[in-house]
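**Q** Per the numbering used here, the sequence shown runs over residues 290 to 733.
Before anything else, here's the structure in question.
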Amino acid sequence: MKVPPLVAGGLPYLGNAFAFNRNPIAFLQAAHARHGDVFRFRLLGNTVYALLSQAGNEAFFRASDDVLDPREAYRFTIPIFGPGVAYDVAPEIMQQQLSLLHPALRDEAMQRYASIMAEEVELFVRGLGEIGDIDLPGALNELTIFIAGRCLLGDNFRDRLSKEFASLYEDLEGGINLIAFIAPRAPTLKNLRRDRARARVAEMVSWLIAERRDGACDRNDFLSVLMSARYDDGSYLSDEVITGLLLTLLFAGQHTSAVMATWLGVLLIKNPRHAAAIRDEALLALKDGITVAGLKRMRLMERCLKEAERLYPPLIMLMRRTRAAFAVGDIIVPSGQLVMVSPGVSHRDSRIFHNPDTFNPDRFAPPREEDRKSQYSLIGFGGGRHRCIGMAFAHQQIKVIWSILLQRYEFELGDHPVEPDYATFVVGPKQPCRVRYRRHREAR
Ligand code: HEM
Numbered sequence: 290m291k292v293p294p295l296v297a298g299g300l301p302y303l304g305n306a307f308a309f310n311r312n313p314i315a316f317l318q319a320a321h322a323r324h325g326d327v328f329r330f331r332l333l334g335n336t337v338y339a340l341l342s343q344a345g346n347e348a349f350f351r352a353s354d355d356v357l358d359p360r361e362a363y364r365f366t367i368p369i370f371g372p373g374v375a376y377d378v379a380p381e382i383m384q385q386q387l388s389l390l391h392p393a394l395r396d397e398a399m400q401r402y403a404s405i406m407a408e409e410v411e412l413f414v415r416g417l418g419e420i421g422d423i424d425l426p427g428a429l430n431e432l433t434i435f436i437a438g439r440c441l442l443g444d445n446f447r448d449r450l451s452k453e454f455a456s457l458y459e460d461l462e463g464g465i466n467l468i469a470f471i472a473p474r475a476p477t478l479k480n481l482r483r484d485r486a487r488a489r490v491a492e493m494v495s496w497l498i499a500e501r502r503d504g505a506c507d508r509n510d511f512l513s514v515l516m517s518a519r520y521d522d523g524s525y526l527s528d529e530v531i532t533g534l535l536l537t538l539l540f541a542g543q544h545t546s547a548v549m550a551t552w553l554g555v556l557l558i559k560n561p562r563h564a565a566a567i568r569d570e571a572l573l574a575l576k577d578g579i580t581v582a583g584l585k586r587m588r589l590m591e592r593c594l595k596e597a598e599r600l601y602p603p604l605i606m607l608m609r610r611t612r613a614a615f616a617v618g619d620i621i622v623p624s625g626q627l628v629m630v631s632p633g634v635s636h637r638d639s640r641i642f643h644n645p646d647t648f649n650p651d652r653f654a655p656p657r658e659e660d661r662k663s664q665y666s667l668i669g670f671g672g673g674r675h676r677c678i679g680m681a682f683a684h685q686q687i688k689v690i691w692s693i694l695l696q697r698y699e700f701e702l703g704d705h706p707v708e709p710d711y712a713t714f715v716v717g718p719k720q721p722c723r724v725r726y727r728r729h730r731e732a733r
């Protein structure tokens, strides 16, 4: 059994933190070129084992939670999501809690979300007018907060609570920072704001729950599904757990979707031929309105979406802590170490993807289907037991956004280069990322 090479350089305790933080993808790619598919580096008192091959991805995603535990990597979420849910409970309880959400992701519910998504995009379009320019990441972030809020919490949320919620949400997001990653309970200003916002959100969700119990109902949203869900022993979920699960979904799904929608937009604006073809596809597939079936027929849109996921995965790294010795080929990672795979690096692997730095959605069309060469090559939504449960929701939302926007507007990027912003946990383009728009003549 071998010990993988250790990346040189770095400082006591901090290790390679500076180079890694500046540009994690460049850091990992350089170390990959030098040391091969598996290597170690030092980060803030930890040794991280990087696995950058298909075999590494496969071993990572197939491992059980007893061997690779995700909780350590997501500890910073516990004060945000609250006690008794997600990474605060044993992995099997988390899986049971997530499985209670399945009815909220079935086709009937997805059709209702499709209508909400379309209504929200129409409201957004109304605000755009004929011509103008916007910061695309900021604008799509706001739009997806409204969509997520209504799909999770119902129309009452939109009517009465969304303004206050937007500022609380900002404070909760402030809880995702480097200090919270290491010491989630450290009494920093950001963490204190996070805790105050969490308490207020719990109060707001409790009102919504009480209102529904009194008969004022929104149906077909995640909140109503959770209110009628029961554990295996027949008991209902407490208000605290319902609030925690709603926050889990919001944090897992909102900003990630906004970022993927932004990257897709940027790629389509840079590739107008594909944008025009998607516009034609949308005209045909959605001629009877925005339906789940129509959205599923949009094959070119789907391939462009996969290409956005491949080139710019919002989560560029996934981490676990070993709870037992973990084998990858002829390497054994001892218990207690951090292990990572990287969608951001794997997706640019020329052994899997031909000309990996080029935008080419056709790579996913038959007969090429480059992502099917191995099961864990396209991993922007993870893989194995922790694979994203919201992928269909995210795809649907992004398809609705760009089907409508491309039918109404022509877009043009500002003169600035569009680069990933590695300072944030979910990696979108650096802001501002300004985009000019003008209504299509035939859409006036
Ligand atoms: C483009 C948008 C999205 C991206 C890129 C994304 C990405 C991911 C990834 C990479 C994972 C695996 C994390 C890991 O293995 O450590 C994951 C898990 C998860 N996602 Fe998503 N996600 C998105 C949207 C959503 C949405 C809309 C929801 C909810 C409606 C959601 C809910 C979840 C949950 C609950 C998990 C944890 C699953 C588990 O651990 O069993 N995600 N997501």
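Glycine residues also receive a C-beta, built at the ideal position from the N, C-alpha and C atoms.
Might you give, ordered along the chain, the residues of its own chain that have their beta carbon closer than 7 Å to the beta carbon of Met-549, omitting 5 neighbours on each side?
**A** Closer than 7 Å at the Cβ level, and outside the excluded window around Met-549, lie Ala-597, Glu-598, Pro-603, Ala-683 and Ile-687.
**Q** Who does Ile-314 pair with in a DSSP beta bridge?
**A** None, per the DSSP bridge assignment.
**Q** Starting from Ala-812, trace the beta strand (DSSP E) in both directions and tell me its first and last residue.
**A** The first residue shown for the chain is 290 and the last is 733, placing residue 812 beyond what the model contains.
**Q** Going residue by residue through the stretch 674–725, where are the continuous beta strand (DSSP E) segments of at least 3 residues, counting only ones entirely within it?
**A** As far as the stretch 674–725 is concerned, its whole beta strand (DSSP E) runs of at least 3 residues are 698–702.
**Q** With C-beta atoms as the reference, is Pro-476 less than 8 Å away from Arg-364?
**A** Not closer than 8 Å, so no.
**Q** Nearest to Leu-515 by CA position, among Val-337, Leu-394, Val-555 and Pro-313, is which residue?
**A** Here the closest residue by C-alpha is Leu-394.
**Q** For Met-383, which three-state DSSP category applies?
**A** In the structure shown, Met-383 sits in a helix (DSSP, three-state: H, G or I).
**Q** If you follow the beta strand (DSSP E) that Gly-421 is in, where does it begin and where does it stop?
**A** From DSSP, the beta strand (DSSP E) with Gly-421 extends over 420–424.
**Q** Determine the extent of the alpha helix (DSSP H) in which Ala-574 is found, giving its start and end residues.
**A** From DSSP, the alpha helix (DSSP H) with Ala-574 extends over 561–574.
**Q** Taking the beta strand (DSSP E) that Leu-295 belongs to, which residues open and close that run?
**A** Run containing Leu-295: none; DSSP gives neither H nor E here.
**Q** Verify the contact flag: Gly-679, CB atom, against every heavy atom of ligand 1, threshold strictly below 7 Å.
**A** Correct: Gly-679 has its Cβ closer than 7 Å to ligand 1.
**Q** Is the beta carbon of Ile-423 sitting closer than 8 Å to the one on Val-689?
**A** Cβ distance not < 8 Å, so Ile-423 and Val-689 don't count as in contact.
**Q** With a floor of 4 residues, list each alpha helix (DSSP H) that falls wholly inside the stretch 425–464, ordered by position along the chain.
**A** With a minimum length of 4 residues, the continuous alpha helix (DSSP H) runs that stay inside the stretch 425–464 are 425–442 and 451–462.
**Q** Are there any heavy atoms of ligand 1 lying less than 7 Å away from the beta-carbon of Ser-451, as far as the coordinates show?
**A** Ser-451 Cβ: outside cutoff for every heavy atom of ligand 1.
**Q** Considering only the alpha carbon of each residue, which of Ser-639, Tyr-302 and Leu-442 lies closest to Lys-662?
**A** Measuring from the Cα of Lys-662, the nearest candidate turns out to be Ser-639.
**Q** What number of angstroms, rounded off, separates the C-alpha of Pro-656 from the C-alpha of Phe-648?
**A** So the two alpha carbons sit approximately 18 Å from each other.
**Q** Once DSSP output is grouped into helix, strand and coil, what is the label at Ala-654?
**A** Reduced to three states, the DSSP call for Ala-654 is coil.
**Q** Tell me the rounded alpha-carbon separation between Glu-381 and Arg-449.
**A** When rounded, the distance between both Cα atoms is 36 Å.
**Q** Can you list, in chain order, the residues of its chain with a C-beta nearer than 8 Å to that of Ala-320? Leave out the 5 residues immediately preceding and following it.
**A** Excluding residues within five positions, the ones whose Cβ falls inside 8 Å are Val-296, Phe-328, Phe-330 and Ala-339.
**Q** Figure out for me which residue from Ala-571, Val-707 and Asp-619 has the closest Cα to the Cα of Ala-344.
**A** Comparing Cα positions, the closest option is Asp-619.
**Q** What residues match up with Leu-332 in a beta bridge as DSSP calls it?
**A** Its beta-bridge partners are Gly-304 and Asn-335.
**Q** Say the cut is 7 Å; is the CB of Ala-735 nearer than that to a heavy atom of ligand 1?
**A** Outside the shown range of the chain, which is 290 to 733, sits residue 735, and nothing can be said about it.
**Q** Once you ignore the five residues that flank Ile-282 on each side, which residues in its own chain have a CB closer than 7 Å to its CB?
**A** The shown model of the chain, from 290 to 733, leaves out residue 282, and the question about it has no answer.
**Q** Return the chain-ordered list of same chain residues with a C-beta closer than 6 Å to the C-beta of Pro-650, the five sequence neighbours on each side being excluded.
**A** Same-chain partners within the cutoff: Arg-592, Cys-593 and Glu-596.
**Q** With a floor of 4 residues, list each alpha helix (DSSP H) that falls wholly inside the stretch 509–554, ordered by position along the chain.
**A** DSSP runs (the alpha helix (DSSP H)) wholly in the stretch 509–554: 511–517.
**Q** Determine the burial state of Glu-409: buried for a count of at least 16 other Cβ atoms within 10 Å of its Cβ, exposed for fewer.
**A** Under this definition Glu-409 is a buried residue.
**Q** Quick one: is the Cβ of Met-549 within less than 7 Å of any heavy atom of ligand 1?
**A** Correct: Met-549 has its Cβ closer than 7 Å to ligand 1.
**Q** Could you tell me the alpha carbon to alpha carbon distance between His-324 and Val-337, rounded to whole angstroms?
**A** Each residue's alpha carbon lies about 14 Å from the other.
**Q** For a quick check, are the C-beta atoms of Arg-697 and Arg-730 less than 8 Å apart?
**A** No, they are not a contact pair.
**Q** Do the stretch 659–673 and the stretch 626–646 make contact, defined as three or more Cβ pairs closer than 8 Å?
**A** Taking 8 Å as the limit for Cβ pairs, the verdict is that the stretch 626–646 does touch the stretch 659–673.
**Q** Tell me which residue opens and which closes the alpha helix (DSSP H) that Phe-615 is part of.
**A** Counting along the chain, Phe-615 falls outside any alpha helix (DSSP H), though it belongs to the beta strand (DSSP E) covering 615–617.
**Q** Would you mind reading off the limits of the alpha helix (DSSP H) that contains Ile-369?
**A** Start and end: 367–370.
**Q** Please report the Cβ distance between Leu-357 and Arg-609, rounded to the nearest whole angstrom; I am assuming they are in contact, meaning their Cβ atoms lie under 8 Å.
**A** Leu-357 to Arg-609, Cβ: 4 Å. Contact.
**Q** Are there 16 or more other CB atoms within 10 angstroms of the CB of Phe-413, so buried, or fewer, so exposed?
**A** The residue in question, Phe-413, is buried, as its Cβ has 16 or more Cβ neighbours within 10 Å.
**Q** Applying the criterion that 16 or more other CB atoms from any shown protein chain within 10 Å of the CB defines a buried residue, is Gly-554 buried or exposed?
**A** By the neighbour-count rule (16 or more Cβ atoms within 10 Å), Gly-554 is buried.
**Q** For Asp-396, name the three-state secondary structure that DSSP assigns.
**A** Note: Asp-396 maps to helix in three-state DSSP.
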